[in-house]
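When the letters of the sequence shown are read in order and numbered with our numbering, they come out as residues 69 to 390.
No residue lacks a Cβ here, since even glycine has one placed at the ideal position from N, Cα and C.
Remember, it's a predicted structure, so these values are computed and weren't measured experimentally.
First comes the structure, then the notes that go with it.
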Amino acid sequence: MSYLDTTYDVYKDAALTPDVGLCCTTNPIWELPGLKIPKIMQEMNYGCGSTVHARDLSNNPKMLYVGVGGGMELLQFAYFNRQKGGVIGIDMVDEMLEASRKNFTEAEAQNPWFQSDFVSLKKGDALHLPVEDNSVDVAAQNCLFNIFKAEDLKKAIEEMYRVLKPHGKLVMSDPICEQPMNESLRNDDRLRALCLSGSLPIADYVKALTDAGFGTIEIRARKPYRILDPKNYPTDELIYIESIEVAAIKDPMPADGPCIFTGKAAIYFGDQPFLDDKNGHILLKNQPLAICDKTAGALKDLGRDDIFISESTFHYDGGGCC
Numbered sequence: 069m070s071y072l073d074t075t076y077d078v079y080k081d082a083a084l085t086p087d088v089g090l091c092c093t094t095n096p097i098w099e100l101p102g103l104k105i106p107k108i109m110q111e112m113n114y115g116c117g118s119t120v121h122a123r124d125l126s127n128n129p130k131m132l133y134v135g136v137g138g139g140m141e142l143l144q145f146a147y148f149n150r151q152k153g154g155v156i157g158i159d160m161v162d163e164m165l166e167a168s169r170k171n172f173t174e175a176e177a178q179n180p181w182f183q184s185d186f187v188s189l190k191k192g193d194a195l196h197l198p199v200e201d202n203s204v205d206v207a208a209q210n211c212l213f214n215i216f217k218a219e220d221l222k223k224a225i226e227e228m229y230r231v232l233k234p235h236g237k238l239v240m241s242d243p244i245c246e247q248p249m250n251e252s253l254r255n256d257d258r259l260r261a262l263c264l265s266g267s268l269p270i271a272d273y274v275k276a277l278t279d280a281g282f283g284t285i286e287i288r289a290r291k292p293y294r295i296l297d298p299k300n301y302p303t304d305e306l307i308y309i310e311s312i313e314v315a316a317i318k319d320p321m322p323a324d325g326p327c328i329f330t331g332k333a334a335i336y337f338g339d340q341p342f343l344d345d346k347n348g349h350i351l352l353k354n355q356p357l358a359i360c361d362k363t364a365g366a367l368k369d370l371g372r373d374d375i376f377i378s379e380s381t382f383h384y385d386g387g388g389c390c
């Protein structure tokens, strides 16, 4: 039995018997006018962050969500769209699809604006998306890609890239880990299915996205997630796992490499009202400018003593140099 079979069984069980502690971290639930999320959806929120960001969802975007869970984020996406079939939900587990359908009935009862046909549920998997090329504005997955091994992860990201329109966004939340994991952890199929032992370092995670062609990457949040300790897991040392929220944008790849935003900012504090770096960036005096890592490097190379560049905060909220 492959690790994907184990994953299927884990989430089949989670669909039949909701498991509040399966993999989700403590996240605030969206509080939006007229949006009520049924308790069962919250109990089946099998994610490690949020992929719903209002600034991604203007002008009724066509949305795709892979790995439906209990349907909570599908409902949240539908809030911003409210059109028949405006959100596509894909899952390989029949029981999870059926649970989501039942949960949408409850959501209809609590939300007068919501209709179940706002969401089109389809059976399929992340490696073979039943979606046309260049047809989706926003695609999302929550705590799914970290389960995949390298070749399957590559395929899943390529599939998301394929279905997105030019300049479309792939919004994700996944666990990451900067410490090395031993082979016992890496090869434990159940721990991988539970969103633990497949966690990658941020640099490897980002590289997988840029290798697929995404020209802009935004690290939007980074927060604590789990601990693997020697008493409960096959490890000799304590391993700290975090979760990140990331947007990968299907922009053309710049000639000098991708623009990767990790929460850096530049502040010019010289004698002039502004600084023009002659490379497309204007820094107003004492006004922080969000910059990608590539621009941070270029500004440092200027060798000036009147530019401050912050370290990566791994919290980026838009705007800036690109």
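The three-state secondary structure of Phe-216, taken from DSSP, is coil.
For Tyr-76, the uninterrupted alpha helix (DSSP H) segment begins and ends at 71 to 84. A direct Cα-Cα distance of roughly 25 Å separates Val-155 from Gly-283. Within 10 angstroms of the beta-carbon of Arg-294 lie 16 or more other beta-carbons, which makes it buried. With respect to Tyr-384, Gly-331 sits close: the two C-beta atoms are nearer than 8 Å. When secondary structure is reduced to three states using DSSP, Ile-225 falls in the helix class. Residue range 307 to 317 is occupied by the beta strand (DSSP E) that includes Glu-310, with no alpha helix (DSSP H) assigned at that position.
Ala-208 and Phe-216 have their C-alpha atoms spaced approximately 16 Å apart. Remark: C-beta atoms of Leu-195 and Ala-218 do not approach each other more closely than 8 Å. By the Cβ rule, the region 154 to 169 counts as touching the region 123 to 140, because three or more pairs are nearer than 8 Å. Under the three-state reduction of DSSP, Gly-365 is assigned to helix.
Linking Ile-335 to Ser-265 through their CA atoms gives a straight-line distance of about 39 Å. In the three-state reduction of the DSSP assignment, Glu-99 falls in the coil class. Note that the C-beta distance between Thr-363 and Ser-241 is not below 8 Å.
Around the beta carbon of Phe-376, fewer than 16 other beta carbons lie within 10 angstroms, which makes this residue exposed. Leu-277 has its alpha-carbon roughly 21 Å from the corresponding atom of Ala-261. Val-204 has its alpha-carbon roughly 9 Å from the corresponding atom of Pro-234.
Under DSSP, the beta-bridge partners assigned to Tyr-336 are Lys-353, Ile-375. The beta-bridge partner set that DSSP reports for Ala-207 consists of Leu-132, Leu-238. Excluding sequence positions up to five before and after Phe-337, its CB lies within less than 8 Å of the CB of Lys-353, Asn-354, Asp-374, Ile-375, Phe-376, all in the same chain and listed in chain order.
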